[in-house]
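Just so you know, the sequences run in chain order A and B. Under the working numbering, the first residue of the first sequence is numbered 8, with each subsequent residue one higher. Under the working numbering, the first residue of the second sequence is numbered 22, with each subsequent residue one higher. Don't be surprised by glycine CBs; every beta carbon is placed ideally from N, CA and C.
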Amino acid sequence: DGGITQSPKYLFRKEGQNVTLSCEQNLNHDAMYWYRQDPGQGLRLIYYSQIVNDFQKGDIAEGYSVSREKKESFPLTVTSAQKNPTAFYLCASSPTGVGSYNEQFFGPGTRLTVL
Amino acid sequence: SQQGEEDPQALSIQEGENATMNCSYKTSINNLQWYRQNSGRGLVHLILIRSNEREKHSGRLRVTLDTSKKSSSLLITASRAADTASYFCAPAGNMLTFGGGTRLMVKP
């Protein structure tokens, strides 16, 4: 099956802890994205990557970090510096870079709750 | 910002009725896309309309684009309870950006 997967589906974290959200795709897409969605709200871009070993900050990158060591994988770390991390996190991929205007394919999301 | 803004924020209709959602944006675009999100799930791409197109159909979906007014509309005809979801427009310039969406409820 081709697709984009995220794990875990639900994640609980204590204040002050870093957590890493997984995102994997086997669609052979170059570009990958991380979004944050708060209840009843739209999506806000955290980070994106057009190619392996390169990534760019989105609109709300503070308190987050990413890596892109493999084409298939784009993990997101929510650090203790993120003041309000409780949210729904969505990963997406698209066939070519961000200037290509192609559709994005989304994973099922990870719901992070800070206790 | 080229972020889309959907209107209305919420829409409740009876099964069989048509649902119309509108989107406005502020900058020039290459295309505009519509996505659907079921509660607690990821987004699913519905349709893409290019900047040189004025109307596009896909099944029960009809999308219009007016670049002079920087607006688009999504019409779902003969709605079903399974159409209950949030719908987002995504104007595409250098990046896709997503507005707050329209929450559609279709009552059986």
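Notebook entry, point to check: Who are the Cβ neighbours of A:Gln111 in its own chain at under 6 Å, not counting the five residues just before and after it?
Noted result: Ala99, Ser101
Check: B:Leu69 and B:Gln54: beta carbons closer than 8 Å?
Finding: yes
Notebook entry, point to check: Hey, A:Arg75 and A:Phe95 are a contact pair by Cβ (cut 8 Å); roughly how many whole angstroms apart?
Noted result: Their Cβ separation, rounded to whole angstroms, is 22 Å, which puts A:Arg75 and A:Phe95 out of contact at 8 Å.
Check: Identify the residues that DSSP records as bridge partners of B:Asn43: which are they?
Finding: B:Asp28, B:Ser94
Item checked: Against chain A: residues of the region 109-124 of chain B by CB proximity under 9 Å -> Phe109, Ala111, Ala113, Gly114, Asn115, Met116, Leu117, Thr118, Phe119, Gly120, Gly121, Gly122, Arg124
Checklist line | A:Asp37 in three-state terms, based on DSSP | finding: coil
Notebook entry, point to check: Who are the near neighbours of A:Tyr71 in its chain, counting only those whose CB is closer than 8 Å to its CB and skipping five residues on each side?
Noted result: Trp41, Ile53, Tyr54, Leu83, Thr84, Val85, Thr86, Gln89
Next item on the list: Let me know the secondary structure DSSP gives B:Asp133 once reduced to three states.
Entry: Because chain B in this structure spans residues 22 to 129, residue 133 of chain B falls outside the shown range and cannot be described.
Check: With distances taken between CB atoms, is the gap from B:Glu15 to B:Ser107 smaller than 8 Å?
Finding: Lying outside 22 to 129, the shown extent of chain B, residue 15 of chain B is not represented and no answer is given.
Checklist line | Residues in the region 38-62 of chain A having any Cβ partner in chain B nearer than 9 Å | finding: Tyr40, Tyr42, Gln44, Gly47, Gln48, Gly49, Leu50, Arg51, Leu52, Tyr55
Notebook entry, point to check: If we ignore side chains and look at the alpha-carbon of each, how far apart do A:Glu79 and A:Asn33 end up?
Noted result: 6 Å
Check: Roughly how many angstroms lie between the CA atoms of A:Arg118 and B:Ile50, to the nearest whole one?
Finding: Straight-line Cα distance between these residues: approximately 32 Å.
Note to self: In this structure, how does DSSP classify A:Leu50 when only helix, strand and coil are distinguished?
What the structure shows: strand
Checklist line | Straight-line gap, B:Ala103 to B:Leu67 (C-alpha atoms, nearest Å) | finding: 15 Å
Notebook entry, point to check: Alpha carbon to alpha carbon, what distance is there between A:Ala38 and A:Ile58?
Noted result: 6 Å
Notebook entry, point to check: Does B:Leu96 come within less than 8 Å of chain E when only Cβ atoms are used?
Noted result: In the displayed structure, chain E is absent; the protein chains listed are A and B.
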